[in-house]
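Structure record follows, encoded as structure tokens.
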DNA sequence: GGATAACCATACGCAGGCGTATTGACGGGC
DNA sequence: GCCCGTCAATACGCCTGCGTATGGTTATCC
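Residue numbers (our numbering), protein chains in the order written: chain A, 1 to 204; chain B, 205 to 408.
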């Protein structure tokens, strides 16, 4: 209406400093945009016309790249699943002393914020049939990882599995309680203390 | 269309065995129906025409009882908040030995299923602005309760608060992971073992 | 420097869901 | 026995959001 799409340059030359001025989009651009929108406003807010406005085009563009809105969600979710985690877990595994891994892992996850935004949003969208399998796979992988860590730290197999589930449940629950519910706006020091408490009671 | 509303009797006499044949509805009936629908299909599925079909009437009835769909949701949520918990927590508090309370509490909550359905559904609907305050209040109350229990069991105030948060987070996360995500369909014995593990690592 | 492919705008159709208006049927109090 | 309050059916308008059709614009390839 009032915000006529300002197109600035097409396919900016490589040597030019990329001041993200292009307006000609690829499928990946749409997927990234979708993930950003999901992180900010939840899966329910992922509408093609809204996303198009956000990207400065109209949906005429969208339907060139994707057959349907569902296809976009699918692609975005797969993209997220692909590029998630990996690094952190790999680095943790590289620590020799198994019992030293948990403090490091907990502190690590506790202090990165951005990646959790999407995860929290997806947690709130577990009604949606498309996100369930993705979250299922991701959770399973992470629990498997934790189980292995606990086993290597000396817990017998069954205990290791239970402890892993407990740990991961605590993680998920924490996200729910603090990200989406804003439970009493915990302070920074208090949060650190909480993490340390968690480390103390959860490492074998 | 094909399911013409079968009306059976109006205001069945008191002495008659209540075989829920009435079709004349009250606001409470709508609220209960809403909660049932939420438990089964989530908050997003709460649509007035759908609910009306479910109750065997049309929405013409609905708008006599409620001004808007939003009002129904609000009423249903308040009703749920009102009639929730209470009993369990009170009974737990009656156990003299503080450290014996946790096993009882955990086993207790672990084995009731139905009340968790609504809670799990609400957890998935934390996008919705109307459910956030309700969940906030409920969670806060429960965490307060846990904090008191832990304090009475000998933890110093700060530790008690942290332990309470951890416990409640584990609870919430467990609901997410198992109810809505159907993580690998845990068996009955395994579940009991998990609960016992939780008791062991979480009671001071 | 045209032709072709990639990308986008505009206009439209269509379905679902909310809310309103109007009318109808039943029932209890006077 | 009538009347009014309560509950319900039907029909309608509206808005949102998806998907389609069609044609226009830009980039690339020869």
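Using N, Cα and C, we set each Cβ at its ideal position, and we do this for glycine too.
It should be emphasised that the depicted structure is a prediction, and the values quoted were computed from it without experimental measurement.
With distance defined between alpha-carbon atoms, name the residue in the options nearest to residue i.
i	options	result
residue 27 (chain A)	A:200, A:110, A:63, A:164	A:63
residue 98 (chain A)	A:165, A:32, A:148	A:148
residue 67 (chain A)	A:79, A:54, A:48	A:48
residue 374 (chain B)	B:330, B:257, B:313	B:313
residue 408 (chain B)	B:354, B:257, B:244, B:382	B:354
residue 245 (chain B)	B:393, B:359, B:387, B:329	B:329
residue 387 (chain B)	A:152, A:144, A:160, A:74	A:144
residue 280 (chain B)	B:395, B:262, B:236, B:317	B:236
residue 81 (chain A)	A:180, A:30, A:139	A:139
residue 157 (chain A)	B:304, B:397, B:255	B:397
residue 276 (chain B)	B:234, B:331, B:384	B:234
residue 264 (chain B)	B:249, B:282, B:229, B:300	B:229
residue 167 (chain B)	A:177, A:100, A:56	Residue 167 (chain B) cannot be examined here, being either before or after the span of chain B that is shown, 205 to 408.
residue 74 (chain A)	A:181, A:51, A:57, A:133	A:133
residue 95 (chain A)	A:153, A:187, A:201, A:190	A:153
residue 174 (chain A)	A:46, A:84, A:113	A:113
residue 146 (chain A)	A:92, A:187, A:191	A:92
residue 202 (chain A)	A:190, A:128, A:155, A:189	A:155
Go ahead and pull the three-state DSSP assignment for residue i.
i	result
residue 408 (chain B)	coil
residue 57 (chain A)	coil
residue 366 (chain B)	helix
residue 384 (chain B)	helix
residue 193 (chain A)	helix
residue 114 (chain A)	helix
residue 22 (chain A)	Its pLDDT being 49, under 50, residue 22 (chain A) is placed unreliably in this model, and the value from its coordinates should be taken loosely. Note: residue 22 (chain A) maps to coil in three-state DSSP.
residue 217 (chain B)	Residue confidence for residue 217 (chain B) is low, a pLDDT of 37 falling below 50, so the modelled location carries little weight; the figure read from the coordinates is stated next. Of the three classes helix, strand and coil, the one that applies to residue 217 (chain B) here is coil, per DSSP.
residue 360 (chain B)	coil
residue 139 (chain A)	helix
residue 126 (chain A)	coil
residue 186 (chain A)	coil
residue 302 (chain B)	helix
residue 402 (chain B)	helix
Does the Cβ of residue i lie closer than 7 Å to at least one heavy atom of the ligand MG?
i	result
residue 189 (chain A)	The model depicted lacks the ligand MG and carries no ligand whatsoever.
> If you measure beta-carbon to beta-carbon, which residues of the stretch 226 to 260 of chain B are closer than 7 Å to chain A?
Replying inline: Cβ contacts with chain A come from 246, 248.
> Can you list, in chain order, the residues of the stretch 343 to 359 of chain B whose Cβ is nearer than 9 Å to any Cβ on chain A?
Replying inline: Within the stretch 343 to 359 of chain B, contact with chain A at the beta-carbon level (separation under 9 Å) is assigned to 343, 344, 347.
> Hey, is the stretch 187 to 201 of chain A in contact with the stretch 359 to 370 of chain B, meaning 3+ C-beta pairs nearer than 8 Å?
Replying inline: A contact exists between the stretch 187 to 201 of chain A and the stretch 359 to 370 of chain B.
> Does the stretch 85 to 92 of chain A come within contact of the stretch 102 to 120 of chain A, defined as at least 3 CB pairs closer than 8 Å?
Replying inline: The answer is yes - the stretch 102 to 120 of chain A touches the stretch 85 to 92 of chain A, with three or more Cβ pairs under 8 Å.
> Going along the chain, which residues of the stretch 359 to 376 of chain B sit with their C-beta nearer than 9 Å to a C-beta in chain A?
Replying inline: Result list: 362, 363, 365, 366, 367, 369, 370, 371, 372, 373, 374, 375, 376.
> According to a CB-to-CB cut-off of less than 8 Å, which residues of the stretch 326 to 338 of chain B neighbour chain A?
Replying inline: If you check each beta-carbon in the stretch 326 to 338 of chain B against every beta-carbon of chain A, the ones closer than 8 Å belong to 327, 328, 329, 330, 331, 336.
>> For the pair the stretch 26 to 46 of chain A and the stretch 109 to 126 of chain A, tell me if three or more CB-CB distances fall below 8 Å.
In response: Touching, yes, given that three or more Cβ pairs across the two stretches are closer than 8 Å.
>> Report the start-end ranges of each alpha helix (DSSP H) in the stretch 28 to 92 of chain A that is 4 residues or longer and not cut off at the edges.
In response: Within the stretch 28 to 92 of chain A, the alpha helix (DSSP H) runs of at least 4 residues that lie entirely inside it are, in chain order, 48 to 55, 59 to 65, 69 to 83.
> When Cβ atoms are compared, which residues of the stretch 269 to 302 of chain B fall closer than 9 Å to chain A?
Replying inline: Answer set for the stretch 269 to 302 of chain B: empty.
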